[in-house]
Structures are given as C-alpha cells and as structure tokens.
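Taking it in order: structure first as structure tokens, then the write-up.
Numbering (this note's numbering), first residue to last: 3 to 139.
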C-alpha cells in the first residue's frame with residue numbers, strides 16, 4: 003500500500019543531481035518466540051550532493067521527517083462480493099492519450115514539435131533554387 007502511495011513516474015535514467023529525497027519503508031521479520039507483529043519503519047531523508055575530487059559527487063543523507071514506527075493492528079478482508087466490486091475499474095474513465103503530448107514529473111505538459119523537420123526541408127529547397135539561378139548567368 004505504501005509503495006503505491008509514494009509511487010512516481012517510472013524513469014529509465016535518473017540524474018543524480020535531481021535526486022532530493024529518499025522515502026524508506028522497511029519491516030523487520032518477527033523473531034522466533036515473539037508473538038508481536040513486526041514493526042514497520044517509515045523514514046524520509048534529504049539528499050545533499052557536494053562536490054568531490056571524483057567524477058561522482060559526495061552524497062550526504064539527513065533525516066528530515068516524518069518518522070513513524072508502527073505495527074499492523076489487524077487485517078480483516080471484506081466479503082468476496084464487496085471486494086470484487088471495490089477492485090473493479092470503470093470503463094472509459096481514463097482519458098485517451100494525446101499524440102505528441104507528455105507530462106513530466108513536475109506535471110508540466112511537454113509537446114513534440116514537427117515543424118523543425120518541415121522548416122529544414124524548406125531551407126534546402128530555397129538553397130537549391132538559389133544555386134540554379136547563379137549557375138544560369
């Protein structure tokens with residue numbers, strides 16, 4: 003559940019300079035003889051990069067909060083019919099993706115421009131016309 007809550011957009015490559023925060027969620031297995039449920043630890047860290055004499059920067063991690071330690075108190079699943087209805091997704095509720103438009107991590111819309119290739123083609127046609135006129139005289 004926490005992984006879904008903190009999930010961002012998938013990235014093929016990550017810029018080290020762009021990393022700012024770490025959200026760490028960890029759980030410890032229960033040890034033999036313990037009847038308690040395992041603790042879940044939630045931590046948030048601030049990442050600071052500093053210059054170093056090497057290619058990669060020196061990384062410092064500082065805890066910034068929130069910080070929580072808790073246990074799952076109880077788990078009660080719903081009836082099968084109610085669970086099936088809750089997990090169902092509505093048809094057609096998602097918008098159709100628009101061509102050549104994407105959204106970055108911050109939420110800014112980015113559009114691809116096709117004019118560049120068309121402009122380059124026009125420039126080449128003009129150059130060819132000028133060369134022909136110069137060769138005639």
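Note that the Cβ used here is the ideal one computed from N, Cα and C, for glycine as well.
Taking the alpha-carbon positions, what's the residue 2 to residue 69 distance? As displayed, the chain neither begins before 3 nor continues past 139, which places residue 2 out of reach and without an answer.
Using alpha carbons as the reference points, say which of 48, 54, 102 and 114 lies closest to residue 24. Measuring from the Cα of residue 24, the nearest candidate turns out to be 48.
CB-CB under 6 Å to residue 51, same chain, minus the five flanking residues each way: which ones, in chain order? Around residue 51: 59 and 61.
6 Å Cβ shell around residue 26 - same chain, five flanking residues per side excluded: Here the set comprises 45.
DSSP state of residue 6 mapped onto helix, strand, coil: It is helical.
In the DSSP assignment, what are the bridge partners of residue 24? Residue pairing by DSSP places residue 24 opposite 47 in a beta bridge.
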